[in-house]
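Q: Everything in the sequence shown is counted per my numbering, starting at -3 for the first residue and increasing by one. Take a look at this one; I'll ask things after.
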Amino acid sequence: MKKIWKFLVHHVKEDFNARAYGLIFLFLVASVLVNYLFDFEDTYLDPLKGFPKFFAYFLFYGFAYFSALLILHFTRKENTFFKKRDFWIRSLLAIGLLSLDGSQPFLHEAINASFSVQIQYWAYKVLTNLVGLFFVMLPLLAFHRYYDNNENYYYGLRPHQFDTRPYFQLLLLMLPLIIGASFNDAFLQQYPMYKVTQAYTVLGVPEWVTVAAYEAVYGMDFINVELLFRGFLVIGMIAVLGRQAVLAMAVAYCYLHFGKPAEEAISSIFGGYILGVVAFETRSIWGGVIVHMGIAWSMELVAFIQKSL
């Protein structure tokens, strides 16, 4: 924990600008209020289908990310990143992959055409997490190979040194908060993410197999999340944004959570910022993977327990 605290103190000392941080804060407050007052993401974006959904999410995430960067640009006179071709290549790729993974065009239609009605829900819950491999990880690794091969860390996938202890300690500190949140009705409406169905009877396997298959890919998808947000949007953007990459990423990360309870979206701002700082300082995403995956599986477990009581 001391190591994470040192990272945060050092980063804030180097990066903090009162006007920039203040305006980013006001922008996030306004964004959260608008989304949850009008249920914007759930009502207007989520019901869309196909490529219109992809373009809508591209505008949605692009608005978040580039608004944050505009604030940073005008509050710090030395900024010239908007003039750099490399910035536009990286940022548009990141927003495009995020929008593709968020919208998953035609996935519902493909599942409906390929699976029986009894297992469509289970297939969707599994595949919606599995496709992140094709929408995020493989494109970023290809980009690294053909465009960015002078970057030695593979966007945090291959750190030179890595100490796991601070992140497991952080998980232990989070556990009482997760247990406390599990008594909230809004929490139990959202979690567990997988609602048990009769798919296991159709597939002819024990019930725990279908649940375990979902939980495995659900946890693994957080590697894609960390690779995109902390890996590419922080480590991969250091060359063009420096420390400012962390704050811009945290804004986009908040928008990613707008389909979830408001408390989770708000906490994602702080969680995203902290994990972004850790990624910046360590050039590794594995601390974030440990924390993110551990929290997600803990939330699933306590929700299962609460609903079984």
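Beta carbons are placed, not taken as given, at the ideal position from N, Cα and C, and that holds for glycine. A quick note: this is a predicted structure, and the numbers were derived from the prediction, not measured.
(1) From the beta carbon of residue 156, is the nearest beta carbon of chain D less than 9 Å away?
(2) How many Å lie between residue 180 and residue 114 at the Cα?
(3) Determine the DSSP secondary structure at residue 191, reduced to helix, strand or coil.
(4) Going by C-alpha to C-alpha distance, which of 110, 166, 212, 231 sits closest to residue 126?
(5) Just reading off the alpha helix (DSSP H) that residue 31 is part of, what are its end residues?
(6) Once DSSP output is grouped into helix, strand and coil, what is the label at residue 277?
(7) Can you look up residue 5 in the DSSP assignment and give me helix, strand or coil?
(8) If you count every other CB in all the chains shown that lies within 10 Å of the CB of residue 204, and 16 or more means buried, which is it?
(9) Would the beta-carbon of residue 289 fall within 9 Å of that of residue 183?
(10) So the candidates are 258, 254, 292, 232; which of them puts its Cα closest to the Cα of residue 280?
(11) Work out the CA separation of residue 65 and residue 121 for me, nearest whole Å.
A: On the basis of the coordinates in this document:
(1) Judged by its chain identifiers, the structure shown contains no chain D, having just a single protein chain.
(2) Looking up residue 180 in the sequence shown gives position 184. Looking up residue 114 in the sequence shown gives position 118. Computed Cα separation, rounded: 31 Å.
(3) To locate residue 191, count along the sequence shown from 1; it is residue 195. Residue 191: coil per DSSP, three-state reduction.
(4) By one-based count along the sequence shown, residue 126 stands at place 130. Checking every option, the nearest Cα to that of residue 126 belongs to 212.
(5) Against the sequence shown, residue 31 aligns to sequence position 35. Where residue 31 is concerned, the enclosing alpha helix (DSSP H) stretches over 14 to 34.
(6) The residue you call residue 277 lines up with position 281 of the sequence shown. Reduced to three states, the DSSP call for residue 277 is helix.
(7) Numbered from its first residue, the sequence shown carries residue 5 at position 9. Residue state, collapsed to three classes: helix.
(8) Locating residue 204 in the sequence shown gives position 208, counting from the first residue. Classification for residue 204: exposed.
(9) Counting from one through the sequence shown, the residue named residue 289 turns up at place 293. Counting from one through the sequence shown, the residue named residue 183 turns up at place 187. For residue 289 and residue 183, no; Cβs fall outside 9 Å.
(10) For this step, residue 280 is matched to residue 284 along the sequence shown. If we check each option's Cα against that of residue 280, 232 comes out closest.
(11) Locating residue 121 in the sequence shown gives position 125, counting from the first residue. Locating residue 65 in the sequence shown gives position 69, counting from the first residue. Distance between residue 121 and residue 65, taken at the CA atoms: about 34 Å.
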